[in-house]
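Enquirer: Below you'll find the structure I mean.
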Amino acid sequence: MKLTRIVLVNWYLFNPIDIDLRGNTALIGENGAGKSTVIDAIQVVLFGGNNRYIKFNAQSSDSGNDRSIKTYCLGVFRPESEGGTAGANRLRSECVSYLALCFEDENGKVANLMVGIEARHDEARADVHLMAVSEGDKPLSYKNFVDVNPDGTYNINLIATTKSRLKLEGFDFTSFEKKSDYFSAVSKLIGPKDHIDWIDPTVLSGTLSRSLSLSEITGVSNFVENFILEEKKINIDTLINSRNRYRELQVEVAKDKAKLEALNPIKSKFNSSLTSMTNEVSYQWIHAEKTIEKLELDIESKREQRYNYYLDARKDNRTKIASKQKRQILSDELKELRDEVASNDIAKQERDINNKIKLFDKEVVTLEATLARLYIKLDAISKLQLDVDVNIDVSSIERLRIAIEQGEPNFKAIDECITVLIVSLAKELKDYSLTTFSDVSNKSMNIDAELTNLYKLIKDAKDGKPSLSPKTNLVVKALKEHGINVAAICELAIISNKDWQPAIEAVLGTSGCEALIVEPKDEVKAIAIYRKLKGLVGSSIYGVNIVKTSKWRSWLNTFDKNSAAQLIQSDNEYALAYLHHRLGGLLLVKTEEELKTNRAITQDGMISTSSIVSKNKLPTTFKLIKDQADNIEVWQAEFDKKGAEKLIFDVAKARHNNNQEILSDFISLYAEDTPSTVNIDERLGDIKNEKEILEKNLEKLDLTSVHQKEVRIETIGTEINTLDSSIEKSAKDYGISAAVAKGLQKEELLIFEKELPAITLKRTELESSPLYDQHVIAGLEDKTTDEVGEDLMIYLNKATVAQNRAETSFNDGRERLKAYLTDDNFILDRAVIAKDKLTFLIDIIAKQFAYIEEHGLARHDEEAKRACQDVNEAFRTDMINRLRESFSFMKAQFNTLNKVLRNKEFHHEMYQFTYKKKTEYKDLIDYIINTNDLDTVAANDLFDDTPENVIDQIDQLVDGAANNSTVIEDYRQYFTYDVRVIRKISEEKSEEVMLSRLLKTGSGGEKKSPFYVAIASSLASAWKTLKHPDESAGIILLDEAFDKLSERNLSNAIHFMNEVGLQLIIAAPLEREPVFRPAMDTVIYFTKEGRAVDVESDILTDVGRALLTDSNPSLRKSA
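Residue 479 is where the sequence shown starts when you use my numbering, and the numbers rise one by one after that.
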């Protein structure tokens, strides 16, 4: 079944035409003549206009991106003599186009394929409205689709008309709506009839596309796999299903085991919690029992103690009564003795004398203290040194010093000096205090202020801060608080010449050096803030300048060449402009003559204006400098000098304060009417004499009897004091003993009435608990007796520990149980997962555990074993045997193809297809090939005897099949493929190289020869011509191919294509016609003239071919 006619109606620039051909056909013409459009027409008919499978106009120079079914139908072209795009020139704005292919077999049976297309220039694409096939004994012609008029013109029939007309003309056509249905019918009609060998449109279109594009093979193995070998998938559904079932059962077994593993710790945690709760109750019961025993002993002990304290209280009370009786007797005796002494005249005289002596002693103490205080003040006055002129009698001070320093003080001289001093001091002290203190204090404060300012200047300089005056700092702070970016000139500029530095800064002054720079946009706002600030703080900020930066452009660089402005350096344009303005007209000069005639300055501070010459005071410290080291040195020297002055003033101030204090104390002392030193001395002499007289009178009195009574009085007083202490002690001891006894009685009642009943009740409650276990209590008590000793709290601590353990274990078990229930393992009301239901929970978990073991794990394990057997069986029948068959099928394909290729020389080369096992499947392939059917049938468990590495490969394949089953199902995926190229070096010698390696090197001809063989082989596979050479059309479409092959190799290549059942249709340029013609059965010439293409066919007869063969030695040799 080979192509014998191509029918074109409204296609490109062709008039309706039948192009008849036989066998291998060459389409010859210049570029753009339309030969490639015929190849595109064949594709459109074969694939029913399905653009998915069509490779349009692969090699045509007139192609571009605008070739489509629509452009072909509308006759879109690009004239050689015109510019512009192809779309700008077309024969038709709308049309109905028809394409048909006619095939004929050896018996004359004809198969017709046709498509009908409607196209309009204003629509995006053309629509295929007719897809039909027919079988019969006559081919279609363009006349079946048009009506020819007498004048030679023609009318194209509509598709509906065409259908009716074809039926009337005896064509039994079958039409199709779907392209897939159409191609299925085409496959059956011009391909193998057995549905197993039907043509795959994807494979055929891909192979035709490659043949048309003539792209070189870059991946030999992939090309052979997809376009040479036929697809033959094995059915592994049973294997995958069995494997999945086995995996599912393995999962179920794992789930059952996981359930048991999950239940085990839950059961363990709950049992541990129950044990800890039992221990908690046991420790609490032991504590209660021990506490009751201890309380009973405490009651007995407190009773005994209370009785002893009661006896002590009675004894203390008796002692107190006896002591009171004895004290009363002694008190009566003491009263009588005192009355006797009081009524005795001699005793009365003694008392009067002693009282007088006591008064004299007291007066002496007072007078001596006054005199001592006078001496202290007088001594200070005598040593007083005054540092200013004061109108005080200095001779009086000197005489006072002499009078005091004598061995026996001259009180008269002292009083005379004091009188003189008081008179002079009262007048002068106030003036001395005010004048001297004010002078010293003012000088000291001035120095303090200067030191503070110098310290700040030094510190700011060392910290890199500008040395701004306080008033400038005040204005800067105010501006910054209002969001204005401000800086002083001295922060932005420097004077580059140190020799001129003093003179220039003297001209600028502090206000000029500290002039403030703000942005021009902030100038008005800054002035307003400064103005308002002056109103608030007054004259303290006078003299601060704000630069009018809005004028900076008119100032900048406007200065005389030799002016002071040339010495200014700054990165700030505003600062630089201001200083250019201030210093630009001030020349730097040296002589008086220059000062006379110019506005200028000299280094020594002379300045000349338009009217006067004056001298500025040069500063010792500077502001417009980069390094403050010199300033710091000057300030530090001044700081040290002022510090020394301050030390002198501090000493003077201290001496002044001391003098003032001494004088003030002296004046205040005599302001209190202090007696004179003479009067004090006379009074002390009088007291001494009177006291001597009294002491003599006292010695004359006979006081023997009185003294004896006084001694007895004193003895009785001592005894009474002793008794009072005893009475007080007895009363106190009695109270203590009674209070302790009463307290013990209360404690005893508290224990007996409250503590003992409470702990007894607790013990009873513990004994009623379901967790109460006397055996556990006995065991715990034996273990802890030695450890506890007398500290019963240890039992409660252990109970708390047990409680915490119980809580922790239960909480852990509860969370595990909740998680277990979340997985729907069994139904349990979450409300029962409580600590008081612990026994119930333990019981139900035990039942669940037993149920899983008996009904879940055992059943699933048994089913998994059976599923494993199913997997083995499926592996044997579905995979091993089927793959073995597929491998044999692949080998047969290669054998058939290589048999055809054997001894076929192309460009001095011959080709053989080869295959190689992929490394990752090598062990599996060897196992499959080496294991026969009997081996697999006889094995009860194939996997028992299968190597582990093979099992691993099988697992990977089966697991991968879930996402992509191609690998395991397609036998072609197990191998890599190549073509062995056999190069003939000489008649006796040849070499072999693999095509995959050859593609990396070699000439164009060397690369093309294997490509044509591969293309032909792939198309033979796609068309199924190797197996069904007579049934399949076997068309191979090539566009301008064989451009680098010799005539001999070209003839061999075409001969090879014919041998594998292919019919070659190739488009070639006109200059290649002599090369192609000898090898072709039909040559069709295309000539484009303006808007039309002329076609001329030349079918070579058998006689003509014989003549060509005889005249061409290369063809004769290849034949």
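Backbone N, C-alpha and C fix where the C-beta goes; we use that ideal spot for every residue, glycine too.
Give me, in chain order, the residues of the same chain whose beta-carbon lies closer than 6 Å to that of Tyr1490; leave out the 5 immediate sequence neighbours on both sides.
Expert: Looking up residue 1490 in the sequence shown gives position 1012. Result list for Tyr1490: Ala1531, in chain order.
Enquirer: If you measure between the beta carbons of Val964 and Ile995, is that distance less than 8 Å?
Expert: On the sequence shown, position 486 is the one that residue 964 refers to. On the sequence shown, position 517 is the one that residue 995 refers to. Result yes, Cβ atoms of Val964 and Ile995 sit closer than 8 Å.
Enquirer: Please return the same chain residues whose Cβ sits closer than 6 Å to the Cβ of Gly1063, not counting the five positions on each side in sequence.
Expert: Locating residue 1063 in the sequence shown gives position 585, where the first residue counts as 1. For Gly1063, where only same-chain residues beyond five positions count, the Cβ hits under 6 Å are Arg1077.
Enquirer: Check whether the Cβ atoms of Lys949 and Val1025 sit closer than 8 Å, and answer yes or no.
Expert: For the purposes of this step, residue 949 is taken as the residue at position 471 of the sequence shown. For the purposes of this step, residue 1025 is taken as the residue at position 547 of the sequence shown. No.
Enquirer: Measure from the alpha carbon of Ile1543 to the alpha carbon of each residue in Phe492, Ile1103 and Ala519, then state which is nearest.
Expert: As a working note, residue 1543 is residue 1065 in the sequence shown. Minimum Cα distance to Ile1543 is reached at Ala519.
Enquirer: Contact check, Ile1158 vs Leu845 under 8 Å by CB: the rounded distance?
Expert: Working through the sequence shown from its first residue, we reach residue 1158 at position 680. Working through the sequence shown from its first residue, we reach residue 845 at position 367. Correct: roughly 5 Å between the Cβ atoms.
Enquirer: Is the beta carbon of Glu610 less than 8 Å from the beta carbon of Thr652?
Expert: Your numbering for residue 610 matches position 132 in the sequence shown. Your numbering for residue 652 matches position 174 in the sequence shown. Sequence check: residue 610 is Ala here, not Glu. Yes, Cβ-Cβ distance for Ala610 and Thr652 is below 8 Å.
Enquirer: Spatial neighbours of Ile1320 within its chain, please: CB distance less than 8 Å, with the 5 preceding and 5 following residues excluded, ordered by chain position.
Expert: The residue labelled residue 1320 in the question sits at position 842 within the sequence shown. The answer, listed in chain order, is Lys745, Phe748, Asn749 and Leu752.
Enquirer: First and last residue of the alpha helix (DSSP H) that includes Pro1547?
Expert: Locating residue 1547 in the sequence shown gives position 1069, counting from the first residue. That residue, Pro1547, is in no alpha helix (DSSP H); its beta strand (DSSP E) goes Gln1541 to Pro1547.
Enquirer: Where does Lys1166 land, buried or exposed, given buried means 16+ other C-beta within 10 angstroms?
Expert: If you number the sequence shown from 1, residue 1166 lands on position 688. Lys1166 should be labelled exposed.
Enquirer: Quick check on Asn931: does DSSP put it in helix, strand or coil?
Expert: As a first step, residue 931 must be located in the sequence shown, where it is residue number 453. Three-state result, Asn931: helix.
Enquirer: Relative to the C-alpha of Ala1324, which residue among Leu789, Glu582, Glu739 and Trp1033 is closest?
Expert: Working through the sequence shown from its first residue, we reach residue 1324 at position 846. Comparing Cα positions, the closest option is Glu739.
Enquirer: Which of helix, strand or coil does DSSP assign to Lys616?
Expert: In the sequence shown, residue 616 corresponds to position 138, counting from 1. DSSP places Lys616 in coil when its eight states are reduced to three.
Enquirer: Can you tell me where the beta strand (DSSP E) with Ile532 in it begins and where it stops?
Expert: Indexing the sequence shown from 1 puts residue 532 at position 54. That residue, Ile532, is in no beta strand (DSSP E); it is neither H nor E in DSSP.
Enquirer: Could you check whether Gly501 and Thr1560 sit closer than 8 Å to each other, using their CB atoms as the reference points?
Expert: Taking the first residue of the sequence shown as position 1, residue 1560 is located at position 1082. Taking the first residue of the sequence shown as position 1, residue 501 is located at position 23. Going by C-beta atoms, Thr1560 is nearer than 8 Å to Gly501.
Enquirer: Write down the C-beta distance between Val819 and Glu1192 rounded to the nearest angstrom, noting that I regard them as a contact closer than 8 Å.
Expert: Working through the sequence shown from its first residue, we reach residue 819 at position 341. Working through the sequence shown from its first residue, we reach residue 1192 at position 714. Rounded, the Cβ-Cβ distance is 11 Å, inconsistent with contact.
Enquirer: Would you identify the three-state DSSP class for Ala965, choosing helix, strand or coil?
Expert: For the purposes of this step, residue 965 is identified with residue 487 of the sequence shown, where counting begins at 1. Residue state, collapsed to three classes: strand.
Enquirer: So, for Gln1047: in the same chain, excluding its five sequence neighbours on each side, which residues have a beta-carbon less than 7 Å away from its beta-carbon?
Expert: Within the sequence shown, numbered from 1, the residue matching residue 1047 stands at position 569. Closer than 7 Å at the Cβ level, and outside the excluded window around Gln1047, lie Ala971, Ile972 and Ser974.
Enquirer: Use the C-beta contact count for Asn833: other C-beta atoms within 10 angstroms, 16 or more gives buried, fewer gives exposed.
Expert: Mapped onto the sequence shown, residue 833 falls at position 355. Its Cβ having fewer than 16 others within 10 Å, Asn833 is exposed.
Enquirer: Kindly indicate the opening and closing residues of the beta strand (DSSP E) around Arg598.
Expert: Along the sequence shown, one-based indexing puts residue 598 at 120. Looking at the DSSP string, the run of the beta strand (DSSP E) that includes Arg598 is Val588 to Arg598.
Enquirer: Within this structure, are the beta carbons of Val843 and Leu1162 separated by less than 8 Å?
Expert: Here residue 843 refers to the residue found at position 365 of the sequence shown. Here residue 1162 refers to the residue found at position 684 of the sequence shown. Contact flag unset, no.
Enquirer: For the stretch 1068–1132, which segments carrying the beta strand (DSSP E) assignment without a break, of at least 3 residues, lie completely within its bounds, in sequence order?
Expert: Runs of the beta strand (DSSP E) inside the stretch 1068–1132: 1084–1086 and 1091–1093.
Enquirer: Mind checking which residues open and close the alpha helix (DSSP H) that includes Asn1157?
Expert: Against the sequence shown, residue 1157 aligns to sequence position 679. Unbroken alpha helix (DSSP H) run through Asn1157: Thr1155 to Lys1178.
Enquirer: At what residues does the beta strand (DSSP E) containing Ala504 begin and finish?
Expert: Position 26 of the sequence shown, counting from 1, holds the residue named residue 504. Ala504 -> beta strand (DSSP E) spans Thr503 to Gly507.
Enquirer: Tyr1250 to Leu1274, Cα distance in whole Å?
Expert: Here residue 1250 is taken as the residue at index 772 of the sequence shown, counted from 1. Here residue 1274 is taken as the residue at index 796 of the sequence shown, counted from 1. Answer to the nearest angstrom: the Cα atoms are 16 Å apart.
Enquirer: With a threshold of 7 Å on Cβ separation, who are the neighbours of Leu1172 within its own chain once the five nearest residues in sequence on each side are excluded?
Expert: Locating residue 1172 in the sequence shown gives position 694, where the first residue counts as 1. Counting only Cβ-Cβ distances below 7 Å, and skipping sequence neighbours, we find Ile831, Lys834 and Ile835.
Enquirer: Can you tell me the Cα-Cα spacing of Ile547 and Asp678, whole angstroms?
Expert: The count along the sequence shown starts at 1 and reaches residue 547 at position 69. The count along the sequence shown starts at 1 and reaches residue 678 at position 200. About 23 Å.
Enquirer: Check whether the stretch 1536–1553 touches the stretch 1506–1521, taking contact to mean three or more Cβ pairs, one atom from each stretch, closer than 8 Å.
Expert: Counting Cβ pairs under 8 Å, three or more are found: they touch.
Enquirer: Would you tell me roughly how many angstroms separate the C-alpha atoms of Phe555 and Lys616, rounded to the nearest one?
Expert: By 1-based counting over the sequence shown, the position of residue 555 is 77. By 1-based counting over the sequence shown, the position of residue 616 is 138. Going from the Cα of Phe555 to the Cα of Lys616 covers about 34 Å.
Enquirer: Which residues in the same chain have their Cβ closer than 6 Å to the Cβ of Ser1204, if we skip the five residues on either side of it in sequence?
Expert: Counting from one through the sequence shown, the residue named residue 1204 turns up at place 726. Cβ neighbours of Ser1204 beyond the five flanking positions: Ser801.
Enquirer: Here's a check: name, in chain order, each residue in its chain whose Cβ is nearer than 6 Å to the Cβ of Arg1337, leaving out the five neighbours to either side.
Expert: Here residue 1337 corresponds to residue number 859 of the sequence shown, with the count starting at 1. No residues qualify anywhere along the chain.
Enquirer: Could you tell me how far apart the beta carbons of Leu1528 and Met1558 are, in whole angstroms, since I believe they sit closer than 8 Å?
Expert: Locating residue 1528 in the sequence shown gives position 1050, where the first residue counts as 1. Locating residue 1558 in the sequence shown gives position 1080, where the first residue counts as 1. Not a contact, Cβ separation roughly 10 Å.
Enquirer: So what's Thr1565 in DSSP terms, helix, strand or just coil?
Expert: Counted from its first residue, the sequence shown places residue 1565 at position 1087. The answer is strand: DSSP assigns Thr1565 an E or B state.
Enquirer: Report the option in Asn509, Pro1425, Arg1360 and Leu1234 whose CA atom is closest to the CA atom of Lys768.
Expert: Taking the sequence shown and counting its residues from 1, one reaches residue 768 at position 290. It is Leu1234 whose Cα lies nearest to the Cα of Lys768.
Enquirer: Under 8 Å between the Cβ atoms of Leu1222 and Tyr787?
Expert: For this step, residue 1222 is matched to residue 744 along the sequence shown. For this step, residue 787 is matched to residue 309 along the sequence shown. Closer than 8 Å, so yes.
Enquirer: Can you tell me whether Tyr1455 is helix, strand or coil according to DSSP?
Expert: One-based indexing of the sequence shown puts residue 1455 at position 977. It is a strand residue.
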